[in-house]
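K.L.:
Sharing a structure with you now.
Residue numbers (this note's numbering), protein chains in the order written: chain U, 956 to 1423; chain L, -5 to 477.
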């Protein structure tokens, strides 16, 4: 059966009175199944194998560094008085930020009925979970005695005889990030069950069939099941939407509730959330554009999808730029000497290079997306997205390091220099991220087949009603 | 059906090619009065619940219940842990400071609701279910690809196989088949079951070891993974050390260190002794006094007497021989270098009140609070503090410099106060003690002519009052005795 949709490969052109198609070409339901399943069913390509080996090696290096850190102590990092947060916290905030796009695409775009999310949400959700895993690593080892990190949990302790302090943003953070990780995982897995059932039903060998059979929980596609499933999905989306906003808000409280100049500002929550979405979308694009090419998914992840994501990057990038300006304005308008100093020091102090890297990557580079040509040319998008990722890492560096290095006690002022362990852990965390992501590409359905098919059904229905 | 007598028939299933034909068939089946029906589709088909007559789900209510449980759990947990069981005072906020508890309450509400939606949905759907008779049909594998299936259960009240087949055929259903019992085993293969059991057993072992360690006693010393975290190599104040020649862990201040605000190099002022005269009489002693009062003890002072001891020695010597004043040859300063202006006396009063009066009493009579308490509990080791009004302590027998030295270095049970009171304030105390002594020996001639009458009047009034008080006391005592 064929559902012919007459259009070319460029669906980014607006056609008045008509919704642009989100699945291109002469595509059938079975074509969708085929094109998604072949990614996992065929033999791994050379580029996948090389990519996996490199990532896996980096992951092992991260493991070695963590063991070295635990065995030796936190002195192996560049964290010195007064910069006790250093790179581990920069990396934590960076990764948590990356982890925001997935749930945003899955939940908020779902609630707003943005159907173009269907072919990108699965990979974005996976990215979220892997980014949260990377993020969770850093505070866990930053506590110093990593084997006592469970003290953060409110359990009746036999050797402390006390409870966690619930008025501390750092504890809220524990709850926020772990809730976010858990809910994202449930959301991701639940969305994947019907597609895992597809994998099960296509499996040729017994082991594969059994493994996917267990993972898909005996899904049969029953209408009653689908009805409850959709209800549960909508409810999860409704919870995940405020959750995704709350997580980076609470991460920003770690800074804003303290008294450090440059941190103690009310603009932090919205500014952090915008920055998180900004960096998350940049990371989705950085991964998705090479992936769609390598996995042959151009008909499902179309230019229109990329165009839409670039528009979100442009919007959030402008919000972030506005936030930088507002911070400076308030520092001057507030007339608090320490605040004024903190911001002038950011831009013109010893870390000026970090600040201006941040401004050029985060404020200037996304503005190129006003030009449509840039939004629809994949390689340009990849380059700009990588710049945004770099800029967002530097934003966290600027916030954490410059403020701490110039606190209220001038005799303690210091200049932060990272050690080889700091560098290794930053690079190693990318190893963890890519290892998980590449495994996901091989073993799991990278595109939500069921939802894409229902988008196709609507498209088919529409093109037929046009004929009447 | 007839050719499959030995197997139980669950129902009958047909395959459809498109959503529209499926929806049409659903409506037909519903209108024919079948209740136990279901459609199987590769993606959620909208409108099928109406076409099949499926009732809405109760899931949202379950989720609401879970969400409320989450909110209440979070609030009760935080209030109980931080306000009742182990109250924390943070920034002077009330114990139950709701705004600070909202973030965690929000997170747990979301977490519990999500668990409700996730697990509730699977439970309502009866999943996981790993054995399903529908899966025996190999064509049914396409339900997750591109085919749509309609199923009528054999246990339906109005089940009639022929009628159902007819509807299927009329609506374009293909491959109409009976769904037979799944005769393959739905048991988990033994090796997998064993492996799973082993994994669970192995994961419990570390926990059991930890638990056992917690509840049993051991005569072995504790195992220290990170020795220097449990035993800091830093030394305590009074510990010995092999690192330094003097064997002490605590390092003395660098010679010449001066305490903040204590940079007076006038040795007469700092010691109460006329140093020029002393060096003429006893040069070595003068040198030592200078060295000791000029800074802490350096290595060169190892064998010499510390400053306090030196001063005390001198005072004790002179005191024990107070009858033979001639023996004390120390050239004490005989006048207070601060003079006795009103400011000095007020300053002296203040520091006397803080440091001296607890033992010597506010009037210097030697009956301060500490002394009264010691007398009351009959402390056997207590040596009563001296009254400052003895003639032997008047300035002609006990020069100002000597009084200063006694305050600084102590005498008998009295400790030296050099470490607590600045030299300037010690001299002010000396001035105030002299004023106290004068107050008991002053003649009326010292009062200006204009104020004498007033003073005499006051004296009479005071004497009168004292007399009355004495009489009143006597009367109450007599009354008590009579009873």
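Even glycine gets a Cβ: it sits at the ideal position worked out from N, Cα and C.
When burial is assigned at 16 or more other CB atoms within 10 Å of the CB, is residue 72 (chain L) buried or exposed?
P.N.:
Position 78 of the second chain holds residue 72 (chain L). It is buried - the Cβ of residue 72 (chain L) has at least 16 other Cβ atoms within 10 Å.
K.L.:
Does the beta carbon of residue 428 (chain L) sit closer than 9 Å to a beta carbon anywhere in chain U?
P.N.:
Counting from 1 along the second chain, the entry for residue 428 (chain L) is found at position 434. No, residue 428 (chain L) lies away from the interface with chain U (no Cβ there is under 9 Å from its Cβ).
K.L.:
Tell whether a beta-carbon distance below 9 Å holds between residue 1399 (chain U) and residue 1081 (chain U).
P.N.:
In the first chain, the residue the question calls residue 1399 (chain U) occupies position 444. In the first chain, the residue the question calls residue 1081 (chain U) occupies position 126. The Cβ atoms of residue 1399 (chain U) and residue 1081 (chain U) lie closer than 9 Å to each other.
K.L.:
Taking contact to mean 3 or more Cβ pairs, one atom from each stretch, closer than 8 Å, check whether the region 1209 to 1220 of chain U and the region 1356 to 1365 of chain U are in contact.
P.N.:
They touch, by the three-pair rule.
K.L.:
Buried or exposed for residue 452 (chain L), going by 16 or more other Cβ atoms inside 10 Å?
P.N.:
The count along the second chain starts at 1 and reaches residue 452 (chain L) at position 458. By the neighbour-count rule (16 or more Cβ atoms within 10 Å), residue 452 (chain L) is not buried but exposed.
K.L.:
For residue 4 (chain L), which of helix, strand or coil comes out of DSSP?
P.N.:
As a first step, residue 4 (chain L) must be located in the second chain, where it is residue number 10. Looking at residue 4 (chain L) - three-state DSSP - the assignment turns out to be strand.
K.L.:
Chain L beta carbons: is any one of them nearer than 9 Å to that of residue 1142 (chain U)?
P.N.:
Stepping through the first chain from its first residue, residue 1142 (chain U) is reached at position 187. With 9 Å as the cut-off, residue 1142 (chain U) counts as an interface residue toward chain L.
K.L.:
Closest Cβ-Cβ distance between residue 1185 (chain U) and chain L: below 9 Å?
P.N.:
Reading the first chain from its first residue, position 230 is the one you call residue 1185 (chain U). At least one chain L Cβ lies under 9 Å of residue 1185 (chain U).
K.L.:
Measure from the C-beta of residue 1042 (chain U) to each C-beta in chain L and report whether the shortest distance is under 9 Å.
P.N.:
Counting from one through the first chain, the residue named residue 1042 (chain U) turns up at place 87. Judged by the 9 Å Cβ criterion, residue 1042 (chain U) is not in contact with chain L.
K.L.:
For my contact list, residue 1052 (chain U) and residue 1347 (chain U) are in at a C-beta cut-off of 8 Å; report their separation, rounded to the angstrom.
P.N.:
Taking the first residue of the first chain as position 1, residue 1052 (chain U) is located at position 97. Taking the first residue of the first chain as position 1, residue 1347 (chain U) is located at position 392. That belief holds up - the Cβ atoms of residue 1052 (chain U) and residue 1347 (chain U) are roughly 6 Å apart, short of 8 Å.
K.L.:
Which same chain residues, not among the five before or five after residue 1128 (chain U), have their C-beta less than 7 Å away from its C-beta?
P.N.:
Taking the first chain and counting its residues from 1, one reaches residue 1128 (chain U) at position 173. Cβ within range, chain order: 1205, 1206, 1209.
K.L.:
State the Cα-Cα distance for the pair residue 1009 (chain U) and residue 1386 (chain U), rounded to the nearest angstrom.
P.N.:
For the purposes of this step, residue 1009 (chain U) is taken as residue 54 along the first chain, with counting starting at 1. For the purposes of this step, residue 1386 (chain U) is taken as residue 431 along the first chain, with counting starting at 1. Taking the straight line joining both Cα atoms gives about 8 Å.
K.L.:
For residue 999 (chain U), decide whether its Cβ has a neighbour in chain L, counting only Cβ atoms nearer than 9 Å.
P.N.:
Counting from one through the first chain, the residue named residue 999 (chain U) turns up at place 44. Cβ-Cβ to chain L under 9 Å: no for residue 999 (chain U).
K.L.:
When you compare only the Cα positions, how much space is there between residue 120 (chain L) and residue 1181 (chain U)?
P.N.:
Residue numbering aside, residue 120 (chain L) sits at position 126 when the second chain is read from its first letter. Residue numbering aside, residue 1181 (chain U) sits at position 226 when the first chain is read from its first letter. About 13 Å.
K.L.:
So what does residue 409 (chain L) bridge to, in DSSP terms?
P.N.:
For this step, residue 409 (chain L) is matched to residue 415 along the second chain. Answer is L:404, bridged to residue 409 (chain L).
K.L.:
Under 9 Å, do residue 128 (chain L) and residue 1183 (chain U) count as touching if we go by C-beta distance?
P.N.:
Taking the first residue of the second chain as position 1, residue 128 (chain L) is located at position 134. Taking the first residue of the first chain as position 1, residue 1183 (chain U) is located at position 228. No, they are not a contact pair.
K.L.:
Taking only the alpha-carbon atoms, compute the straight-line gap between residue 308 (chain L) and residue 413 (chain L) and give it to the nearest angstrom.
P.N.:
Sequence index remark: in the second chain, residue 308 (chain L) carries index 314 (1-based). Sequence index remark: in the second chain, residue 413 (chain L) carries index 419 (1-based). Because residue 308 (chain L) carries a pLDDT of 48, less than 50, the predicted location of this residue cannot be relied on, and no value is offered for it.
K.L.:
Under DSSP, the alpha helix (DSSP H) around residue 32 (chain L) begins and ends at which residues?
P.N.:
As a first step, residue 32 (chain L) is located in the second chain; it is residue number 38 there, counting from the start. Membership of residue 32 (chain L) in any alpha helix (DSSP H) is not indicated; the residue belongs instead to the beta strand (DSSP E) covering 31 to 34.
K.L.:
By DSSP, does residue 174 (chain L) sit in helix, in strand, or in coil?
P.N.:
Translated into positions along the second chain, residue 174 (chain L) becomes position 180. If DSSP states are grouped into helix, strand and coil, residue 174 (chain L) belongs with the strands.
K.L.:
Can residue 1377 (chain U) and residue 1042 (chain U) be called in contact, C-beta distance under 9 Å?
P.N.:
Here the question's residue 1377 (chain U) lines up with position 422 in the first chain. Here the question's residue 1042 (chain U) lines up with position 87 in the first chain. If you check the CB distance, residue 1377 (chain U) and residue 1042 (chain U) come in under 9 Å.
K.L.:
So, are the CB atoms of residue 168 (chain L) and residue 11 (chain L) less than 9 Å apart?
P.N.:
Against the second chain, residue 168 (chain L) aligns to sequence position 174. Against the second chain, residue 11 (chain L) aligns to sequence position 17. The answer is yes: Cβ separation under 9 Å.
K.L.:
With a threshold of 8 Å, establish whether the CB of residue 1177 (chain U) neighbours any heavy atom of the ligand ZN.
P.N.:
Ligands displayed in this structure: none; no statement on the ligand ZN is therefore possible.
K.L.:
For the region 1154 to 1179 of chain U, enumerate the residues whose C-beta is nearer than 9 Å to any C-beta of chain L, in chain order.
P.N.:
1154, 1155, 1156, 1157, 1165, 1168, 1169, 1171, 1172, 1173, 1174, 1175, 1176, 1177, 1178, 1179
K.L.:
On the premise that residue 1405 (chain U) lies in contact with residue 13 (chain L), defined as a C-beta separation below 8 Å, what is that separation, rounded to the nearest angstrom?
P.N.:
For the purposes of this step, residue 13 (chain L) is taken as residue 19 along the second chain, with counting starting at 1. For the purposes of this step, residue 1405 (chain U) is taken as residue 450 along the first chain, with counting starting at 1. So it is not a contact: roughly 13 Å between Cβ atoms.
K.L.:
Would you report the Cα separation of residue 317 (chain L) and residue 386 (chain L), rounded to the nearest angstrom?
P.N.:
Taking the first residue of the second chain as position 1, residue 317 (chain L) is located at position 323. Taking the first residue of the second chain as position 1, residue 386 (chain L) is located at position 392. Confidence in residue 317 (chain L) is poor, its pLDDT being 44 and thus under 50, which makes the residue's placement unreliable; the coordinate value appears in the next sentence. For residue 317 (chain L) and residue 386 (chain L), the distance between alpha carbons rounds to 9 Å.
K.L.:
So, with DSSP's three-state summary, where would you put residue 234 (chain L)?
P.N.:
For the purposes of this step, residue 234 (chain L) is taken as the residue at position 240 of the second chain. Note: residue 234 (chain L) maps to strand in three-state DSSP.
K.L.:
From residue 1199 (chain U) to residue 1056 (chain U), what does the alpha carbon distance come to, in whole angstroms?
P.N.:
Taking the first chain and counting its residues from 1, one reaches residue 1199 (chain U) at position 244. Taking the first chain and counting its residues from 1, one reaches residue 1056 (chain U) at position 101. Answer to the nearest angstrom: the Cα atoms are 9 Å apart.
K.L.:
At the 9 Å Cβ level, is residue 126 (chain L) part of the contact set with chain U, yes or no?
P.N.:
For the purposes of this step, residue 126 (chain L) is identified with residue 132 of the second chain, where counting begins at 1. With a threshold of 9 Å between beta carbons, residue 126 (chain L) makes contact with chain U.
K.L.:
Have a look at residue 102 (chain L) and residue 1132 (chain U) and give me their C-alpha separation to the nearest angstrom.
P.N.:
Working through the second chain from its first residue, we reach residue 102 (chain L) at position 108. Working through the first chain from its first residue, we reach residue 1132 (chain U) at position 177. Distance between the alpha carbons of residue 102 (chain L) and residue 1132 (chain U) is about 12 Å.
K.L.:
Starting from residue 1109 (chain U), find everything on chain L with Cβ-Cβ shorter than 8 Å and list it in chain order.
P.N.:
Taking the first residue of the first chain as position 1, residue 1109 (chain U) is located at position 154. The answer, in chain order, is 71, 75.
K.L.:
In whole angstroms, give me the CA-to-CA distance for residue 1288 (chain U) and residue 1220 (chain U).
P.N.:
For the purposes of this step, residue 1288 (chain U) is taken as the residue at position 333 of the first chain. For the purposes of this step, residue 1220 (chain U) is taken as the residue at position 265 of the first chain. The alpha-carbon atoms of residue 1288 (chain U) and residue 1220 (chain U) are separated by roughly 13 Å.
K.L.:
State the Cα-Cα distance for the pair residue 74 (chain L) and residue 81 (chain L), rounded to the nearest angstrom.
P.N.:
Position 80 of the second chain, counted from the start, is the residue given in the question as residue 74 (chain L). Position 87 of the second chain, counted from the start, is the residue given in the question as residue 81 (chain L). Note on geometry: alpha-carbon atoms of residue 74 (chain L) and residue 81 (chain L) lie some 9 Å from one another.
K.L.:
Quick one: is residue 984 (chain U) near chain A, going by C-beta distance under 9 Å?
P.N.:
This model lacks chain A altogether, as its protein chains are U and L.
K.L.:
Check for me: the beta strand (DSSP E) holding residue 144 (chain L) runs from which residue to which?
P.N.:
Counting from one through the second chain, the residue named residue 144 (chain L) turns up at place 150. For residue 144 (chain L), the uninterrupted beta strand (DSSP E) segment begins and ends at 142 to 147.
K.L.:
Return helix, strand or coil for residue 1219 (chain U), following the three-state DSSP convention.
P.N.:
One-based indexing of the first chain puts residue 1219 (chain U) at position 264. Coil at residue 1219 (chain U), not helix or strand.
K.L.:
Assuming residue 99 (chain L) contacts residue 51 (chain L) under a Cβ cut-off of 8 Å, what Cβ separation, rounded to an integer in Å, is found between them?
P.N.:
The count along the second chain starts at 1 and reaches residue 99 (chain L) at position 105. The count along the second chain starts at 1 and reaches residue 51 (chain L) at position 57. 27 Å between Cβ atoms; not a contact.
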